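For the protein sequence lines, the chains are A and B, in the order given. Each step along the first sequence adds one to the number in my numbering, with nothing skipped, and position 644 is 947. Each step along the second sequence adds one to the number in my numbering, with nothing skipped, and position 14 is 18. First up is the structure itself, then whatever we jot down about it.
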Amino acid sequence: MEYFWLIPFLPLAGFLITGLFQKWLNEKSAGLIASAAVGAAFVLAVISFFGLLSLPADQRVVHHTISSWIEAGRFNAPLAFLLDPLSMVMVLVITGVGFLIHVYSIGYMHGDSGVKRFFSYLNLFTFAMLVLVLADNLLLLFVGWEGVGLCSYLLIGYWYEKKSATDAGKKAFIVNRIGDFGFLLATALVFWTLGTVNFREIAERAPGLLEVGGGMITAITLLFFLGATGKSAQLPLYTWLPDAMEGPTPVSALIHAATMVTAGVYLLARTQLLYTMAPLTMFVVLVIGMATAIFAGSIGLAQTDIKKVLAYSTVSQLGFMFAACGVGAFAAAIFHLVTHAFFKALLFLGSGSVIHGLHGEQEMPKMGGLKDKMPTTFRVFLIGGLALSGVPIFAGFFSKDEILWEVFASGNVIPWVVLAIAALFTAFYTTRAIILTFYGQPRDRHLYDHAHESPAVMTVPLVILAVLSTIGGLLGIPLLAGGQRLKAWLSPVLGGGHAAAPAAHGAAEVATHAAEVATRSAAPHASTFHYPGLLSPFGHDTTLEMILIVVSVAIALIGIFLATRLYAGDASAAEKLRLSWGGLHRLLANKYFVDELYNAIVVRPIKLLSDFFWQIVDVRGIDGAVNGVGTFLRGTGDELRRWQTGLAQNYAVAIVFGTLLILAFVLWGRWAL
Amino acid sequence: MNESVLPMLVPVAWYQVLAAVLFAIGAMGVLFRRNILVIFMCVELMLNATNIAFVAFARHLGSLDGQIIVFFVLAVAAAEVSVGLAIIIDVFRKRGTVDLAAANILKG
Numbered sequence: 304m305e306y307f308w309l310i311p312f313l314p315l316a317g318f319l320i321t322g323l324f325q326k327w328l329n330e331k332s333a334g335l336i337a338s339a340a341v342g343a344a345f346v347l348a349v350i351s352f353f354g355l356l357s358l359p360a361d362q363r364v365v366h367h368t369i370s371s372w373i374e375a376g377r378f379n380a381p382l383a384f385l386l387d388p389l390s391m392v393m394v395l396v397i398t399g400v401g402f403l404i405h406v407y408s409i410g411y412m413h414g415d416s417g418v419k420r421f422f423s424y425l426n427l428f429t430f431a432m433l434v435l436v437l438a439d440n441l442l443l444l445f446v447g448w449e450g451v452g453l454c455s456y457l458l459i460g461y462w463y464e465k466k467s468a469t470d471a472g473k474k475a476f477i478v479n480r481i482g483d484f485g486f487l488l489a490t491a492l493v494f495w496t497l498g499t500v501n502f503r504e505i506a507e508r509a510p511g512l513l514e515v516g517g518g519m520i521t522a523i524t525l526l527f528f529l530g531a532t533g534k535s536a537q538l539p540l541y542t543w544l545p546d547a548m549e550g551p552t553p554v555s556a557l558i559h560a561a562t563m564v565t566a567g568v569y570l571l572a573r574t575q576l577l578y579t580m581a582p583l584t585m586f587v588v589l590v591i592g593m594a595t596a597i598f599a600g601s602i603g604l605a606q607t608d609i610k611k612v613l614a615y616s617t618v619s620q621l622g623f624m625f626a627a628c629g630v631g632a633f634a635a636a637i638f639h640l641v642t643h644a645f646f647k648a649l650l651f652l653g654s655g656s657v658i659h660g661l662h663g664e665q666e667m668p669k670m671g672g673l674k675d676k677m678p679t680t681f682r683v684f685l686i687g688g689l690a691l692s693g694v695p696i697f698a699g700f701f702s703k704d705e706i707l708w709e710v711f712a713s714g715n716v717i718p719w720v721v722l723a724i725a726a727l728f729t730a731f732y733t734t735r736a737i738i739l740t741f742y743g744q745p746r747d748r749h750l751y752d753h754a755h756e757s758p759a760v761m762t763v764p765l766v767i768l769a770v771l772s773t774i775g776g777l778l779g780i781p782l783l784a785g786g787q788r789l790k791a792w793l794s795p796v797l798g799g800g801h802a803a804a805p806a807a808h809g810a811a812e813v814a815t816h817a818a819e820v821a822t823r824s825a826a827p828h829a830s831t832f833h834y835p836g837l838l839s840p841f842g843h844d845t846t847l848e849m850i851l852i853v854v855s856v857a858i859a860l861i862g863i864f865l866a867t868r869l870y871a872g873d874a875s876a877a878e879k880l881r882l883s884w885g886g887l888h889r890l891l892a893n894k895y896f897v898d899e900l901y902n903a904i905v906v907r908p909i910k911l912l913s914d915f916f917w918q919i920v921d922v923r924g925i926d927g928a929v930n931g932v933g934t935f936l937r938g939t940g941d942e943l944r945r946w947q948t949g950l951a952q953n954y955a956v957a958i959v960f961g962t963l964l965i966l967a968f969v970l971w972g973r974w975a976l
Numbered sequence: 005m006n007e008s009v010l011p012m013l014v015p016v017a018w019y020q021v022l023a024a025v026l027f028a029i030g031a032m033g034v035l036f037r038r039n040i041l042v043i044f045m046c047v048e049l050m051l052n053a054t055n056i057a058f059v060a061f062a063r064h065l066g067s068l069d070g071q072i073i074v075f076f077v078l079a080v081a082a083a084e085v086s087v088g089l090a091i092i093i094d095v096f097r098k099r100g101t102v103d104l105a106a107a108n109i110l111k112g
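As structure tokens, this is what we get:
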């Protein structure tokens, strides 16, 4: 466990080897080295996990300083890693799911000309992501934050011959810049007010130095949240994520579903102490999360590209996580993050398997009936779909239900209703995607005839992820004795209800950290976001929770039922619905025209302004001045050179007349003066 | 020294006029003749016109300074002739003519 700090450096080594020695590696060895690097990191993570588990709950923090990094006056940001239950969960997800995706990529990317580059980027990404979650201070976290952004850019634009891919990469990078600016400002404000960027010191000092609900804490948390909306594709900065599907599918699974896009949720959880001190920000987070969940979910209803459906679904599910953060249920958010990593990676890789089997076809209207051609892919995709829809037993059910419960229990009934509708949408579009892809008659005979099941190197990771998507919910089953394991595991970091301990509200004795005690007494967080009456001594009112569980199961089943009615059998029902709601369908299929709106109000003005600076200021002004000097000198030179005739006698004339002039001046000029 | 202060039989102004006339003829030749050899001779004429002026003043003022300068001028003129004639021969070899207008490749 004391060697946990080596975890990020294994993928870094993999990156250096696959990146620098491309000449001496073939496709296969590059894939093996990259996978082995992440696999080794996973093994080390598991060892560290058991090491951490063997410690008493309130001492599960391991810290390792590798070297100093930036020191200036009071400012100190060392190269140091922090392993606590929260970062442990993230590390396990990143290395575990990441390893499976690496292995899968060996099959998926087989035969591509840039495989070695691909694997080196994947390893670099894993390194950056691990730095992000293990960093013990905001600045090092930002390094990882930017690192994953860079890798995201590189991997979205991996097929750089395709203009749409490079455009999507640029879009992702530029949109993220907006969020990053918020992150940097927030970091600066934290240092300004608290004099540190170290997470532990922030937690220690914030309660004493910042006023609960004050302007400064609200500004800091809102700016951090701006960073989170960029990275985690929330309103209003979500537009890059659907476009990011231009990248290879394993990239979509690893970066744009399982790990990088959850960095925003991680950031909120990591700085949750600050958030609990800023009720206004919490409200904003809740509203944005809720709005994103239903907004992206509704767009997902009308998409025809299988990856786009999953992309909007990811945005929507991230909205659920933020909604959970918004009511202070950070543990529920992390729980959903973990299960989402399992089932969304599964769905993406499953869709990748479909795309692979169909030789690159992504449009669902051209699929259909694939369940016999690709039985394994069909089964795992079905499991992923059930998990995403929130059908009981599967992982997604427990985590989503947990979020819905937390939102409801905190007294936010309207957000609960909105999220429930978003959950209905989720079930609907997931079922729709499954039916359009795997059931019914093949709609493109040629594609169908050439479809094939993917090789074992791809299906085995899929099966493992399917198992995880099925049993992953056991991490946090409520009600069960000894359940809520994940929440209990995270409680030293995130606080909140300990399954075996009295509920969080106002109970200072639960809190293990001294800092946390301070916040709780200073910030009546629990009573702001929870109705105390609804919480039993075990943290949940069992009857009410049962009712809510029944409701959310019903929601999932209704969504599945509706989609089945519409899309199973002949396509006329769906067609009729589309015609009768033509306007709405167009609105959804065109993603509410948000891209067009952004183009009109942001991109075009900036482009016009840039055009002005380019054509007028730069070309005419600056270049004009430089070229003007040149033209002037050349013009004068052109005139003056005529004086040099090459005829010696002309010069002689000049000499003579010059002499005469001087003589005349000497003789008469002086007298005249 | 006694000899040098003797009054001159011809007034010094006449020498000056002669020198000026010779100089002007030389200058006109330099400016308007096309044959490099002739121009060259005209340059010599101008130099010697100044020599006359120097010698006349030396005599008139009873000082040897003017005569000393004449020796310098003669030495410089001799050196100039050796270089100048070499150039002229080279121009003739290259151009096949001694017309100064033919040597104009150094124009701007």
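All residues carry an ideal CB built from backbone N, CA and C; glycine is no exception. Values in this document were obtained by computation on a predicted structure and should not be read as measured data.
1) Alpha carbon to alpha carbon, how far is Phe61/B from Thr939/A?
2) Take His816/A and list the residues in its own chain whose beta-carbon comes closer than 6 Å to its own, dropping the five residues that flank it on each side.
3) Can you tell me whether Arg377/A is buried or exposed? The criterion is at least 16 other CB atoms within 10 Å of its CB, across all chains shown.
4) Decide yes or no for the touch test of the stretch 494 to 509 of chain A against the stretch 461 to 469 of chain A: beta carbon pairs closer than 8 Å, at least 3 of them.
5) To which residues does DSSP link Glu374/A through a beta bridge?
6) Counting only beta-carbon atoms, is Gln952/A nearer than 8 Å to chain B?
7) Exposed or buried, Pro718/A, counting other C-beta atoms within 10 Å across all chains shown (16 or more means buried)?
8) Determine the burial state of Arg363/A: buried for a count of at least 16 other Cβ atoms within 10 Å of its Cβ, exposed for fewer.
9) Pick helix, strand or coil for Thr773/A, following the three-state DSSP scheme.
10) Just how far apart, CA to CA, sit Gly410/A and Pro758/A?
11) Within 10 angstroms of the Cβ of Asn108/B, are there 16 or more other Cβ atoms? Answer buried if so, exposed if not.
12) Does the Cβ-Cβ distance between Ala769/A and Ile686/A come in under 8 Å?
13) Is Gly938/A close to chain B? Criterion is C-beta to C-beta, closer than 8 Å.
14) Check whether the Cβ of Val969/A lies closer than 8 Å to any Cβ atom in chain B.
15) Looking at the secondary structure, which residues open and close the alpha helix (DSSP H) in which Asp69/B lies?
16) When DSSP labels each residue in this structure, what does Ile369/A get in the three-state scheme?
17) Is Glu464/A helix, strand or coil when you go by DSSP?
18) Residues of chain A with CB under 7 Å from Val34/B, in chain order?
19) Counting only Cβ pairs nearer than 7 Å, list the residues of chain B close to Gly949/A.
20) Do Val479/A and Gly516/A have their CB atoms nearer than 8 Å?
21) CB-CB under 8 Å to Asp103/B, same chain, minus the five flanking residues each way: which ones, in chain order?
22) Considering only their Cβ atoms, is the gap separating Leu442/A from Ile523/A smaller than 8 Å?
23) Compare the C-beta of Leu65/B against all C-beta atoms of chain A and say whether one is closer than 8 Å.
24) Any idea if Trp971/A is buried or exposed, counting beta-carbon neighbours within 10 angstroms, 16 or more meaning buried?
25) What are the boundary residues of the alpha helix (DSSP H) that Pro359/A is part of?
26) Kindly indicate which three-state DSSP category Asp103/B falls into: helix, strand or coil?
27) Taking Met670/A and Arg735/A to be in contact with their CB atoms under 8 Å, please state how far apart those CB atoms are, rounded to whole angstroms.
28) Phe265/A bridges to which residues according to DSSP?
29) Can you pull the chain A neighbours of Leu104/B, defined as C-beta to C-beta under 7 Å?
30) Is the beta carbon of Gly482/A sitting closer than 8 Å to the one on Gly530/A?
31) Below 7 Å between beta carbons is the criterion; list the residues of the stretch 23 to 57 of chain B that meet it against any residue of chain A, in chain order.
32) Quick one: what does DSSP say Val501/A is sitting in, helix, strand or coil?
33) Can you look up Glu666/A in the DSSP assignment and give me helix, strand or coil?
34) Which same chain residues end up closer than 6 Å to Gly450/A when comparing Cβ atoms and leaving out the 5 residues on each side of it in sequence?
35) Kindly identify the DSSP beta-bridge partner or partners of Asn329/A.
36) For chain B, check one thing: does any of its Cβ atoms lie closer than 8 Å to the Cβ of Val959/A?
So, from the listed chains and residues:
1) 47 Å
2) With a pLDDT of only 38 at His816/A, under the threshold of 50, the placement of this residue in the model should not be trusted, and no figure is reported.
3) Looking at its Cβ environment, which holds fewer than 16 other Cβ atoms inside 10 Å, Arg377/A is exposed.
4) no
5) Asn379/A
6) yes
7) buried
8) buried
9) helix
10) Straight-line Cα distance between these residues: approximately 7 Å.
11) exposed
12) yes
13) Among the CB atoms of chain B, none fall inside 8 Å of the CB of Gly938/A.
14) no
15) Where Asp69/B is concerned, the enclosing alpha helix (DSSP H) stretches over Asp69 to Arg99.
16) strand
17) coil
18) Ala955
19) Asn108, Ile109, Leu110 and Lys111
20) Val is not the amino acid found at residue 479/A; the sequence shown has Asn there. In this structure, Gly516/A does not lie closer than 8 Å to Asn479/A by Cβ.
21) Arg38, Asn39 and Ile40
22) Against a cut-off of 8 Å, the Cβ pair of Leu442/A and Ile523/A comes out as no contact.
23) no
24) exposed
25) Here Pro359/A belongs to no alpha helix (DSSP H), and DSSP marks it neither H nor E.
26) strand
27) No, Met670/A and Arg735/A are not in contact; Cβ-Cβ is about 12 Å, not under 8 Å.
28) Given that chain A is displayed from residue 304 to residue 976, the structure contains no residue 265/A and the question cannot be resolved.
29) Ala951 and Gln952
30) yes
31) Within the stretch 23 to 57 of chain B, the qualifying residues are Ala31, Val34 and Leu35.
32) Checking the sequence, you will find Asn at residue 501/A rather than Val. Secondary structure at Asn501/A: strand, using DSSP grouped into helix, strand and coil.
33) Strand, per DSSP.
34) Ala431
35) Per DSSP, none; premise fails for Asn329/A.
36) yes
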